[in-house]
Amino acid sequence: MRVALISDTHVDLAAWEKAMDGVMLVNAGSCAIPKQDGEAPTVGLLEDGRVTIFNIDSGDVLIEEMLPGHG
Numbered sequence: 046m047r048v049a050l051i052s053d054t055h056v057d058l059a060a061w062e063k064a065m066d067g068v069m070l071v072n073a074g075s076c077a078i079p080k081q082d083g084e085a086p087t088v089g090l091l092e093d094g095r096v097t098i099f100n101i102d103s104g105d106v107l108i109e110e111m112l113p114g115h116g
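Heads up, the sequence shown is in this note's numbering, so the first residue is 46 and it goes up one at a time.
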């Protein structure tokens with residue numbers, strides 16, 4: 046399993062993209078300047094085959110995905 050950590054879009058994303066030859070794309074968004082109106086700042090964590098994106102202000106989990114073959 047391959048994972049691509051991407052940045053510079055300031056929009057959170059964790060998506061299993063079959064069109065990307067089995068690569069999971071992960072963008073934690075922005076901890077300072079979210080691009081989507083009304084969106085909270087976010088951070089991401091990649092640990093033990095799980096991708097989790099959190100709202101910094103509330104601590105809420107916004108996105109949680111397991112890498113294929115884990116869990």
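All residues carry an ideal CB built from backbone N, CA and C; glycine is no exception. Predicted model only: the values in this text are computed from it and were never measured.
Have a look at S75 and I98 and give me their C-alpha separation to the nearest angstrom. 11 Å
Bridge partners for D83 per DSSP, in chain order? Contrary to the premise, residue 83 reads as Gly rather than Asp in this sequence. For G83, which the question treats as bridged, DSSP gives no partner whatsoever.
Could you spell out the range, first to last residue, of the beta strand (DSSP E) harbouring A77? Taken as a continuous stretch (DSSP letters only), A77 belongs to no beta strand (DSSP E), as it is neither H nor E.
Taking all protein chains shown into account, do 16 or more other C-beta atoms lie within 10 angstroms of the C-beta of A73, making it buried, or fewer, making it exposed? buried
What residues match up with L50 in a beta bridge as DSSP calls it? V71
From T87, D66, I78, residue whose alpha carbon lies closest to that of G107: Looking at the sequence shown, residue 107 is not Gly but Leu. Looking at the Cα atoms, T87 is the closest of the given residues.
Contact defined as beta carbons within less than 8 Å: I believe V68 pairs with V96. What is the distance between those atoms, to the nearest angstrom? Actually they do not touch by this definition, with Cβ atoms about 13 Å apart.
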